[in-house]
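Chains as they are written, first to last, in our numbering: chain F, 1060 to 1479; chain Y, 46 to 302. Glycine included, C-beta positions come from ideal geometry on N, C-alpha and C. These numbers were taken from a predicted model, which means no experiment stands behind them. Working notes for the structure below.
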Amino acid sequence: MSFQRTQEKLKILADAAKYDVSCSSSGSKRANTNKGLGDATGMGICHSYTEDGRCVSLLKILLTNHCIFDCAYCVTRKSNDIKRAAFKVQEVVDLTINFYRRNYIEGLFLSSGIFKSADFTMERLVAVAKKLRLEENFNGYIHLKSIPGASDELMREAGLYADRLSVNIEIPTEAGLKKLAPDKKREDFIKPMVKVKNEIIQYKEEKKIIKSTPKFAPAGQSTQMIIGASGENDFQIMQTSNFFYKTYNLKRVYYSGYVPISYDHRLPQIGSAVPMLRENRLYQTDWLMRFYGFEVSEILNEQHQHLDLDVDPKLGWALRNLHEFPVDVNTADKHMLARIPGLGMKSVYKILNARRFRKLNWEHLKKIGVALNRAQYFMVCESNQFEKRDLTSEKIKGLILQNSKSKYQKTLSNQLNLFG
Amino acid sequence: MKDQNLMYDGTFDGFLSAVFYVFEHQLKAVTIQNEFVMQQGLFSEVEKVITDEAKATRVWKGIKSKLSSHGSYQLYYAFLSEQSGVEALLLDYIKYAFSKGTPVDKDYAHPSVLKIAQIAKSVGREKHRMEAFVRFRLTKDDVYFANIEPDFNVLPLIEKHFKRRYADQKWVIYDINRAYGLFYDLEKVEIVHMDFPANFDFSKTDDEFFAIQEFEFQKLWQDYFKATNIASRKNMKLHIRHVPKRYWKYLSEKQPN
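Quick look at the structure:
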């Protein structure tokens, strides 16, 4: 490996890969066997964080940034005048192994621009993973990007060596995709997803009968959508998301606030702010749906198509559904506890455990770590100090906002700052 | 009744032996202190407890039968925090555990249960951070070497993780402050004490000690770290919350070029 050439390529191909959000390295079940290198069981580890606060857990690079497509939102698009580069298979293998040995990373996230054809590209991605597994006895995490349009046979092989597969649907609505990526068809994204889903099911079934059946994408598959590039609302985004979770058993859907990178009239102009708060609200909604027992329709529907920016979606839901409250923390079931604003799942489990020993009061709840600033208006406990005043939602919202310092206050404030 | 001070040798077995002593003599007003950090009270008596593995094992078995496995490892984690006064908390916790028929480790509304859970959580967090922030450097002897300075004594907690993960390379993780390390020789992990040359700089890589390609991979990693940042999303507050500054000096990506 020539250090200087690799260095040059790494700079280009890491820079181009950074807009892919996923860096997760958990959820696989690949144990170190025969004294090999690496272990991908249990929790993933973030080995570092970029200055923008995102986790670095995988070596995230493109195999090449040559691309035959011209999607408006993508830095790698054909018409963009940038330096191009391509790694050799062995270079990626060497980088991965040497970074892993130094405890810099949990493994590899390999994506690619599409050169020549989908199959030609996919074949090389698979070759990297295969070499890592078979020649280097590497048991770390490997996330491969499925190239839209790649053949079923290659997708099947990819799943045998990778822990996770993903294909980015990029734009939440079909109309948006048509506008920004006219060469791409939604079916092409869906096809590999269907294939992977079916293979996962099939391998799991076979494993029940034949123990030696190899693992197939043990950490499942994920996808990503760009937010704020094509004018869709939160209701549309979360509906799409929900559809993908339900239909293709996805492990994760990622939301990526659009970072303006081109002077295309169809897109937000360079210099316009990245919609980070909106992105954050979408993740919160996603969490409510996956871990808190909410149906998407409870949070977003025809009447309510946008997430509030000033309050989190759980608080927003509670304020619209005051008739469900107050909840008694000493008797309510898990489902209802999880719906109290300010209570995370960890607090919910602590409460469920602690209340077996004694009735809990405000003091207990505070010490356990409940965010009472929000929660107090929605619960009763072993105390007569509950404010039984009939507060309206507006009043409660006002009180909560008054006593909280949102990290996004600056973005939210629409007041003129005269002396700032 | 007079206060009694017990002194132990700083090891977990030593501490458990002291707990045995407390129960054996049914002591009420008692403090247990590590002999290396002991502050002598002027008029109080000090009793040195001899570490007795058999007694320690009996106490540990007793604790394990009274707590869930989660609870007993929380207790061990809290011990490794080495925080001043943690022995008193642990003793209180153990006494409470022995007084009840059912495991008490989920009784978060009890003061010492909550406190131990919180300390164990900080230790757990640092254990996890050490699994993340250890940076191995390849020495001329083909050993991957890392030095750390954790607030808590987490080496015993991270041994298994690294042994499982790096089964095919020799490595050392050295705790500079506590002056001991773990050495894996491709077979087993041993505790080692090392002398470092006077000119050895823990935060730098020197070609006197480290392999030539080591510099190249550090440089590649630094470049990667820089290239993967999105400037228009810069958020240093979040960055520092994730990577506290006290860890920076040994992180290769945080070294000035």
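Is the Cβ-Cβ distance between residue 309 of chain Y and residue 207 of chain Y less than 9 Å? Because chain Y is modelled from 46 through 302, residue 309 of chain Y falls outside the range shown and cannot be assessed.
Would you kindly work out how many angstroms separate the C-alpha atoms of residue 159 of chain Y and residue 153 of chain Y, rounded to a whole number? 5 Å
Kindly indicate if chain Y contains any beta-carbon less than 9 Å away from that of residue 1472 of chain F. Because residue 1472 of chain F carries a pLDDT of 46, less than 50, the predicted location of this residue cannot be relied on, and the following value inherits that uncertainty. Not one chain Y Cβ lies under 9 Å of residue 1472 of chain F.
Helix, strand or coil at residue 64 of chain Y [DSSP, three-state]: helix
Would you mind sorting residue 269 of chain Y into buried or exposed? The rule is 16 or more other CB atoms within 10 Å of its CB. buried
Smallest Cα separation from residue 1188 of chain F: which of F/1222, F/1209, F/1105? F/1222
Are the stretch 1339-1347 of chain F and the stretch 1306-1326 of chain F touching by the rule of at least three beta carbon pairs closer than 8 Å? yes
Would a check of beta-carbon distances place residue 1335 of chain F closer than 9 Å to chain Y? yes
By a C-beta neighbour count over all protein chains shown, 10 Å radius and 16 as the cutoff for buried, is residue 1474 of chain F buried or exposed? Low local confidence applies: a pLDDT of 43 at residue 1474 of chain F is under 50, so the model's placement there is unreliable, and no value is given.
From residue 1069 of chain F to residue 1120 of chain F, what distance separates their C-alpha atoms? If you draw a straight line from the Cα of residue 1069 of chain F to the Cα of residue 1120 of chain F, it comes to about 8 Å.
Give every residue of the same chain whose Cβ lies closer than 7 Å to the Cβ of residue 1441 of chain F, excluding the five residues on either side of it in the sequence, and list them in chain order. 1389, 1418, 1419, 1420
If I follow the unbroken beta strand (DSSP E) through residue 1284 of chain F, where does it start and stop? 1280-1286
Beta-carbon separation of residue 1370 of chain F and residue 1459 of chain F under 9 Å? At the C-beta level, residue 1370 of chain F and residue 1459 of chain F come within 9 Å of one another.
CA-to-CA distance, residue 1383 of chain F to residue 80 of chain Y, given in whole angstroms: 57 Å
For residue 1170 of chain F, which residues does DSSP report across the bridge? Paired residues: F/1121.
If the criterion is Cβ atoms closer than 9 Å, does the pair residue 239 of chain Y and residue 211 of chain Y meet it? no
State buried or exposed for residue 1394 of chain F, treating a residue as buried only when at least 16 other CB atoms are found within 10 Å of its CB. exposed
Roughly how many angstroms lie between the CA atoms of residue 1454 of chain F and residue 1166 of chain F, to the nearest whole one? 50 Å
Exposed or buried, residue 74 of chain Y, counting other C-beta atoms within 10 Å across all chains shown (16 or more means buried)? exposed
Beta-carbon of residue 1319 of chain F versus every beta-carbon of chain Y: anything under 9 Å? yes
Determine the burial state of residue 231 of chain Y: buried for a count of at least 16 other Cβ atoms within 10 Å of its Cβ, exposed for fewer. exposed
Along the chain, where does the beta strand (DSSP E) containing residue 1368 of chain F start, and where does it finish? Residue 1368 of chain F -> no beta strand (DSSP E), and no H or E assigned at all.
Under a Cβ-count criterion, where at least 16 other Cβ atoms within 10 Å of its own Cβ denotes burial, should residue 1063 of chain F be classed as buried or exposed? exposed
Which same chain residues, not among the five before or five after residue 1208 of chain F, have their C-beta less than 7 Å away from its C-beta? 1177, 1247
Ignoring anything shorter than 4 residues or poking outside the stretch 1135-1211 of chain F, list the alpha helix (DSSP H) runs there in chain order. 1148-1160, 1177-1193
So, does the CB of residue 176 of chain Y fall closer than 9 Å to a CB anywhere in chain F? yes
Which of the three DSSP states, helix, strand or coil, is assigned to residue 132 of chain Y? helix
Outcome for residue 1089 of chain F when other beta-carbon atoms lying within 10 angstroms are tallied against a minimum of 16: buried
Residue-chain proximity (residue 1157 of chain F, chain Y), Cβ-Cβ < 9 Å: yes
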